[in-house]
Ligand SMILES: Cc1cc2nc3c(=O)[nH]c(=O)nc-3n(C[C@H](O)[C@H](O)[C@H](O)COP(=O)(O)OP(=O)(O)OC[C@H]3O[C@@H](n4cnc5c(N)ncnc54)[C@H](O)[C@@H]3O)c2cc1C
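This is how it looks when you write it as structure tokens:
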């Protein structure tokens, strides 16, 4: 069978693939875009969008329960209709996917193939009965939940972030194994929906990439809402117990017996069944595709973008990968991955916005640094909103004034962080932030105040 020829093949319609297909098509190229499951990938279907839609429902429930604090009288207890929460979440994701599908359908030079793609050679890919060839191939295959081979895990009906999306009953007790970003968002939202929630983490603290003070504040935010948190859990194992699932850990501790168990133990790249060996594409020990600073693999004519290359694990890093590839290929603009500054948010409530280095990373770097901090209890806007948990922290280089990093854990933290992030991109010193006039009353308003009062980092 002869192969159908294209100028470019894009495998995976996640956060980079469709946008790149659009740019290539607009530049006059013929493009084959291949997707084996749902257009929009993880973010739209089982990641950011559905979880943030559910976080919004959880916030509404939480605020309603606190109505009396604000002088608002409800005529009865707050009820949660989980089916309606799910229906709202489904509408948000279905609408987004439909918009993407119709955008792709409108691209005349782009042919969408539905099915699992595998390389047959460095420029040939098979999708079902179709054989496609192109001189340029772009991988955007993303990742999936990691399910480590823990004792008993295959004897129990565990959930992952994907199967959570289909759950149509509210768990009476959700046991979340894992204490990082995805786990904590699920933990808090289900607690707010009315489930009993237990979090079990094997590391000594939650969100181990963050500074100790950030982890501690996050743990207390969750515990204040009645979530049980176990850190430093050893020997995690699973067994059926009656109608529930027992998660045992740390000899001597009583097991957590849940109606449902969510495994949120990291992600693995979708690279094991791509036929990468047939194309000669190199992967690292964890299966991530090895790419250079402009996202080229070791095989000329093959690029990898998004979660499958291990250079980021977010929608914005995947989309930024698309921008880097497009800039290099189409705009004669040599953008590169190392131009970007690490930034992300944790969408518990209040959210954590983060950019640049943590305090621990700054200390490890050995540079002389300054630090400034302020609790949300001293931020007018947080007090006015009745949401005073959390704090803000800014780090700067003591010699050059370079802003090194920032954490904003508090109301609007996911938005406020951009004020610092953009200054970092502009390479503006911390004195620029100190002299900026911010709008009152706002959480961001306190960032200049903190910048005016930096102390040597011990
Ligand atoms: C619960 C959860 C919440 C999250 N929340 C956030 C958040 O708030 N903010 C944020 O920035 N990030 C968040 N993320 C991470 C974010 O979803 C991912 O980083 C992002 O979706 C990665 O995009 P991608 O383009 O690399 O891959 P994906 O979106 O995973 O897309 C890859 C696509 O490739 C397809 N595919 C794979 N292999 C093949 C093949 N062989 N043939 C054909 N098609 C194939 C897949 O079906 C998929 O559609 C979250 C993730 C999860 C799980």
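In the working numbering, the protein residues as written are 18 to 475.
For every residue, glycine included, the Cβ atom is placed at its ideal position computed from N, Cα and C.
Fair warning: this is a prediction, and the values are worked out from it, not measured in the lab.
query: Measuring CB to CB, does residue 51 end up less than 8 Å from residue 156?
result: Here residue 51 refers to the residue found at position 34 of the chain shown. Here residue 156 refers to the residue found at position 139 of the chain shown. No, the pair does not count as a contact, with Cβ atoms beyond the cut-off.
query: Is the beta carbon of residue 331 within less than 7 Å of some heavy atom of ligand 1?
result: Counting from one through the chain shown, the residue named residue 331 turns up at place 314. Residue 331 Cβ: within cutoff of ligand 1.
- request: Check each candidate in 358, 368, 445, 364 and name the one with the smallest Cα separation from residue 374.
  value: Walking along the chain shown from the start, residue 374 turns up at place 357. Cα-wise, what sits closest to residue 374 is 358.
message: When you measure from the CB of residue 53 to every non-hydrogen atom of ligand 3, does any distance come out below 7 Å?
response: Ligands in the displayed structure: ligand 1; ligand 3 is not one of them.
query: Do you know offhand how far residue 60's Cα is from residue 115's?
result: Your numbering for residue 60 matches position 43 in the chain shown. Your numbering for residue 115 matches position 98 in the chain shown. Near 14 Å, if we compare the C-alpha coordinates of residue 115 and residue 60.
- prompt: Does ligand 1 have a heavy atom nearer than 7 Å to the CB of residue 372?
  reply: Stepping through the chain shown from its first residue, residue 372 is reached at position 355. It does not: the Cβ of residue 372 is nowhere closer than 7 Å to a heavy atom of ligand 1.
query: residue 93 bridges to which residues according to DSSP?
result: Numbered from its first residue, the chain shown carries residue 93 at position 76. In the DSSP output, where bridge partners are listed per residue, residue 93 has none listed.
- prompt: Which ranges would you report for the beta strand (DSSP E) in the region 275–362 if only whole runs of at least 3 residues count?
  reply: 277–280, 284–286, 319–321
query: Is residue 195 near ligand 1, in the sense that its beta carbon is under 7 Å from a heavy atom of that ligand?
result: Locating residue 195 in the chain shown gives position 178, counting from the first residue. Residue 195 Cβ: outside cutoff for every heavy atom of ligand 1.
- prompt: Of the residues 317, 318, 287, 297, which one's Cα is nearest the Cα of residue 303?
  reply: Position 286 of the chain shown, counting from 1, holds the residue named residue 303. Of the candidates 317, 318, 287, 297, the one whose C-alpha sits nearest the C-alpha of residue 303 is 287.
task: Count the CB pairs spanning the region 374–390 and the region 219–231 that are closer than 8 Å, and state whether there are at least three.
output: yes
- prompt: Can you tell me whether DSSP reads residue 56 as helix, strand or coil?
  reply: Translated into positions along the chain shown, residue 56 becomes position 39. Coil.
message: Taking a contact to mean a Cβ-Cβ separation below 8 Å, would you say residue 222 touches residue 75 in this structure?
response: Taking the first residue of the chain shown as 1, we reach residue 222 at position 205. Taking the first residue of the chain shown as 1, we reach residue 75 at position 58. Not closer than 8 Å, so no.
message: Measuring only from the beta carbon, is residue 323 closer than 7 Å to any heavy atom that is part of ligand 1?
response: Numbered from its first residue, the chain shown carries residue 323 at position 306. At a threshold of 7 Å, residue 323 counts as near ligand 1, since its beta carbon sits closer than that to one of the ligand's heavy atoms.
- request: Report yes if the C-beta distance between residue 319 and residue 139 is below 8 Å; otherwise report no.
  value: The residue given as residue 319 occupies position 302 in the chain shown. The residue given as residue 139 occupies position 122 in the chain shown. Yes, the Cβ-Cβ distance between residue 319 and residue 139 is below 8 Å.
query: Quick one: what does DSSP say residue 424 is sitting in, helix, strand or coil?
result: Taking the first residue of the chain shown as position 1, residue 424 is located at position 407. In the three-state scheme derived from DSSP, where H, G and I count as helix and E and B as strand, residue 424 is classed as strand.
query: Would the beta-carbon of residue 463 fall within 8 Å of that of residue 424?
result: Numbered from its first residue, the chain shown carries residue 463 at position 446. Numbered from its first residue, the chain shown carries residue 424 at position 407. No; because the gap between Cβ atoms is not below 8 Å, this pair is not in contact.
query: How is residue 5 classed by DSSP in three states: helix, strand or coil?
result: Given that the chain is displayed from residue 18 to residue 475, the structure contains no residue 5 and the question cannot be resolved.
Distance, residue 301 Cα to residue 30 Cα: Position 13 of the chain shown, counted from the start, is the residue given in the question as residue 30. Position 284 of the chain shown, counted from the start, is the residue given in the question as residue 301. In this structure, the CA atom of residue 30 is about 23 Å from the CA atom of residue 301.
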